[in-house]
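Participant:
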Amino acid sequence: MRLQGKVAVITGAARGIGAAMAERFAAEGAKVVVADTDPMAGDETVGRIKTAGGEARFVACDVTDRSQVTALMDRALESYGSLDIVAANAGIIHNTPFLELDDATFDRVIAVNLKGVFLTGQEAARRMVERGIPGVIVNTASVNAVIVPYGLAAYNASKGGVGQLTKTMAIELAPHGIRVNAIGPGSVATDMFRSAILTDPGAMDRVKARTPLGRPAEPAEIAACALFLASDDASYMTGQTIYPDGGRLALSQVVPKTGG
1 MRLQGKVAVI
11 TGAARGIGAA
21 MAERFAAEGA
31 KVVVADTDPM
41 AGDETVGRIK
51 TAGGEARFVA
61 CDVTDRSQVT
71 ALMDRALESY
81 GSLDIVAANA
91 GIIHNTPFLE
101 LDDATFDRVI
111 AVNLKGVFLT
121 GQEAARRMVE
131 RGIPGVIVNT
141 ASVNAVIVPY
151 GLAAYNASKG
161 GVGQLTKTMA
171 IELAPHGIRV
181 NAIGPGSVAT
191 DMFRSAILTD
201 PGAMDRVKAR
211 TPLGRPAEPA
221 EIAACALFLA
231 SDDASYMTGQ
241 TIYPDGGRLA
251 LSQVVPKTGG
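Note that our numbering has the sequence shown beginning at 1, numbered continuously upward.
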């Protein structure tokens, strides 16, 4: 087991990628703190982990509120005695054309997706440094940190910020033995994604067209990348973003063939 004896805190872990991370980390031996704003879904994730023989507990947390993030980290330490891995995964998305985007929506997306990563990482790192824990932080970015789909100004900006924040955290925390990396998924078949497909018959065709592997990722495939970064297999990696995107970024760099 690659995370045997480790304690992992995962935000946004009630469903989707975060839930997949929680289940995979637990299967690899970690004691997992499932953090989210949705207690019902969070308890369901914990239930699945326990049914599979793992150890987990749920803690309600809004990552935009420092006091709640502080309480989350303290609860993890009180419950399990350490804080080895933190995955800052909580995020939201909002689709609005740039000229119509209002302040409140922009601020909310940035607060959750970028400030939430900052607060989660800072409160985790402070405790790791205080206790001499050579911990690992894994942030969730996106291919949207590199490419810019229409109508997602706030989301694109937030994920670009996560990439730069990850690098900054990595170089400043390296002297303490703390590694910081990010994952940048492409399209992922979460419940939210499947709901969008049901309401937009052409959505799946567009995903296939822009993804060389011809399908969205399963959450478990993204969790596998997070596991790698959280494990000792990535012991010499810090300040990096890896992109489990089915080839989407590579496709965006292809120069169209011309006649001649």
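We put the beta carbon where it would ideally sit given N, CA and C, even for glycine.
Please say whether Val-63 and Ala-90 have beta carbons closer to each other than 8 Å?
Facilitator: In contact: Ala-90 and Val-63 (Cβ atoms closer than 8 Å).
Participant: Can you list, in chain order, the residues of its chain whose CB lies under 6 Å from that of Ile-93, leaving out five sequence neighbours each side?
Facilitator: Excluding residues within five positions, the ones whose Cβ falls inside 6 Å are Tyr-155.
Participant: From Arg-48, Gly-54, Gly-42, pick the residue whose C-alpha is nearest to that of Lys-31; which is it?
Facilitator: Closest by alpha carbon: Gly-54.
Participant: Can you confirm whether the stretch 224 to 238 touches the stretch 186 to 194 when touching is taken to mean that 3 or more C-beta pairs between the two stretches lie within less than 8 Å?
Facilitator: At 8 Å Cβ cutoff, the stretches do not touch.
Participant: Where DSSP assigns a beta bridge to Arg-194, which residues make up the other side?
Facilitator: DSSP output for Arg-194 lists no bridge partner at all.
Participant: Three-state secondary structure (DSSP) at Ile-93?
Facilitator: DSSP places Ile-93 in coil when its eight states are reduced to three.
Participant: When the Cα of Ala-13 is compared with those of Cys-61, Ile-147, Gln-68, which residue comes out closest?
Facilitator: Checking every option, the nearest Cα to that of Ala-13 belongs to Cys-61.
Participant: Mind checking which residues open and close the alpha helix (DSSP H) that includes Glu-55?
Facilitator: No alpha helix (DSSP H) holds Glu-55; the beta strand (DSSP E) holding it covers 55 to 60.
Participant: Considering only DSSP beta bridges, list what Arg-179 is partnered with.
Facilitator: Paired residues: Val-136.
Participant: Tell me which same chain residues have a C-beta within less than 6 Å of the C-beta of Ala-223, skipping the five on either side of it?
Facilitator: The answer, listed in chain order, is Ala-20, Met-21, Arg-24.
Participant: Measure the C-alpha to C-alpha separation of Lys-167 and Thr-241 and round it to an integer number of angstroms.
Facilitator: When rounded, the distance between both Cα atoms is 9 Å.
Participant: Go ahead and pull the three-state DSSP assignment for Ala-88.
Facilitator: Looking at Ala-88 - three-state DSSP - the assignment turns out to be strand.
Participant: Work out the CA separation of Asp-38 and Asn-113 for me, nearest whole Å.
Facilitator: C-alpha separation (whole angstroms): 17 Å.
Participant: For Arg-2, which residues in the same chain have their Cβ closer than 6 Å to its Cβ, ignoring the five residues on either side in sequence?
Facilitator: The answer, listed in chain order, is Glu-28, Ser-231.
Participant: Need the endpoints of the alpha helix (DSSP H) that Ile-10 sits in, please.
Facilitator: Ile-10 -> not in any alpha helix (DSSP H); beta strand (DSSP E) instead, spanning 7 to 11.
Participant: How would you label Met-40, buried or exposed, when you count the other beta carbons within 10 angstroms and need 16 or more for buried?
Facilitator: Result: exposed.
Participant: Going by DSSP, name the residue or residues bridged to Leu-152.
Facilitator: DSSP output for Leu-152 lists Thr-96 as bridge partner(s).
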